[in-house]
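Chains as they are written, first to last, in this note's numbering: chain U, 1 to 145; chain G, 1001 to 1145. Note that the Cβ used here is the ideal one computed from N, Cα and C, for glycine as well. Structure first, commentary second.
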DNA sequence: TAGTTTTGGGACTTAATTGTCTTAAATATG
DNA sequence: CATATTTAAGACAATTAAGTCCCAAAACTA
């Protein structure tokens, strides 16, 4: 049950790492993040560029440069990140891949899937990077294998 | 939110079609199914071969040949099909892709995801092809765009 | 200003998924 | 037996996802 692409997975883990390091001021370098999380530096850089272009991150070049969240981590929610990295229709897809699946023309699993998607969306809408970052800071949850 | 591969999507739709045509005796040809559901014949054939090899379908060659469910449709559940086409670990994957994510070493979204997966698994465990086939037969649900 | 550090952006490679095609094997029919 | 029908099996091509690399641009340091 693979729900998220690698780009999204890496992006999310990196953002939660950023949130978990909230006591540090200034920018965190992509090099540090990719090393700590054991993610390919170049791949993460590309994903971060997308997040920067969409206002989730701000970046700064040069020595002591890096990336930082544009907003306090308690104002950034999983939905925001998923929308940027997976597309705005992320929570609006038919389980059986039928285009335009809906109440007028539902697939046989539409009723169930609608509920499952809503639960998922609700959780993503209400889970902030701050919340996840704290879990990592408290050291009861991990971001890396 | 793409959860199932194309192979699984096509396989499921085709199996539900088979279940929905339960009044017809004998085998249904892959040609008919692929045409009715607007699925590539060759691609569906490959998926059906996998399902045949794993005991979901039985096949018969030659004129009036085709495929048929090995068991009554009310004894075949979504979980059975998903296990064959997606792998037995389908309901056992970390949302953030961390190997070995579990109670001892959970990722930050583990608690939520565990619940979401269980709900999904419960639905798949208890939804039979017969149930879905009936919905299609009753003509209130569709299998094709 | 020269050199170093860091992100930006694009080209490129590799791997996985999806889709197509060809031929073989099994079965039925005349 | 010859021919038509249908699945089996695997090679092959196209597309998408994932990962790598290079060099330019921005910013700091000395």
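At the 8 Å Cβ level, is residue i part of the contact set with chain U, yes or no?
i	result
residue 1099 (chain G)	yes
residue 1143 (chain G)	yes
residue 1119 (chain G)	yes
residue 1022 (chain G)	no
residue 1096 (chain G)	yes
residue 1048 (chain G)	no
Nearest-angstrom Cα distance between residue i and residue j?
i	j	result
residue 136 (chain U)	residue 1032 (chain G)	54 Å
residue 10 (chain U)	residue 37 (chain U)	9 Å
residue 1154 (chain G)	residue 1111 (chain G)	Examination of residue 1154 (chain G) is not possible in this model, given that chain G is present from 1001 through 1145 alone.
residue 1139 (chain G)	residue 1132 (chain G)	11 Å
residue 59 (chain U)	residue 14 (chain U)	14 Å
residue 1079 (chain G)	residue 1089 (chain G)	11 Å
residue 1056 (chain G)	residue 1039 (chain G)	19 Å
residue 1091 (chain G)	residue 1072 (chain G)	25 Å
residue 1116 (chain G)	residue 1007 (chain G)	23 Å
residue 4 (chain U)	residue 86 (chain U)	8 Å
residue 1125 (chain G)	residue 119 (chain U)	19 Å
residue 34 (chain U)	residue 1050 (chain G)	39 Å
residue 121 (chain U)	residue 74 (chain U)	17 Å
residue 1114 (chain G)	residue 47 (chain U)	27 Å
residue 66 (chain U)	residue 1084 (chain G)	45 Å
residue 1 (chain U)	residue 16 (chain U)	22 Å
residue 25 (chain U)	residue 1103 (chain G)	33 Å
residue 70 (chain U)	residue 81 (chain U)	12 Å
residue 1143 (chain G)	residue 123 (chain U)	30 Å
residue 53 (chain U)	residue 145 (chain U)	29 Å
residue 1130 (chain G)	residue 1045 (chain G)	22 Å
residue 12 (chain U)	residue 18 (chain U)	10 Å
Hey, does residue i have any beta-carbon neighbour from chain G nearer than 8 Å?
i	result
residue 103 (chain U)	no
residue 106 (chain U)	yes
residue 56 (chain U)	no
residue 14 (chain U)	no
residue 73 (chain U)	no
residue 9 (chain U)	yes
residue 186 (chain U)	Outside the displayed span of chain U (1 to 145) sits residue 186 (chain U), for which this structure offers no information.
residue 116 (chain U)	yes
residue 51 (chain U)	no
Quick one: measure Cβ to Cβ for residue i and residue j, integer angstroms, because I've assumed they're closer than 8 Å.
i	j	result
residue 1030 (chain G)	residue 1041 (chain G)	6 Å
residue 28 (chain U)	residue 68 (chain U)	7 Å
residue 76 (chain U)	residue 128 (chain U)	6 Å
Excluding the five sequence neighbours on either side, which residues of its own chain have a C-beta within less than 7 Å of the C-beta of residue i, listed in chain order?
i	result
residue 1101 (chain G)	1094, 1107 and 1110
residue 1022 (chain G)	1073 and 1133
Near residue i, which residues of its chain fall below 6 Å by C-beta distance, leaving aside the five closest residues on each side in sequence?
i	result
residue 1098 (chain G)	1107
residue 141 (chain U)	135
Among the residues of its own chain, which have a CB less than 8 Å from the CB of residue i, if the five just before and after it don't count?
i	result
residue 1063 (chain G)	none
Proximal residues, the segment 66-93 of chain U versus chain G, C-beta separation under 7 Å:
With the criterion set as a beta carbon lying under 7 Å from some beta carbon of chain G, the members of the segment 66-93 of chain U are 90, 91 and 93, in sequence order.
Contacting positions in the segment 1018-1045 of chain G - beta carbon closer than 8 Å to chain U:
Answer set for the segment 1018-1045 of chain G: empty.
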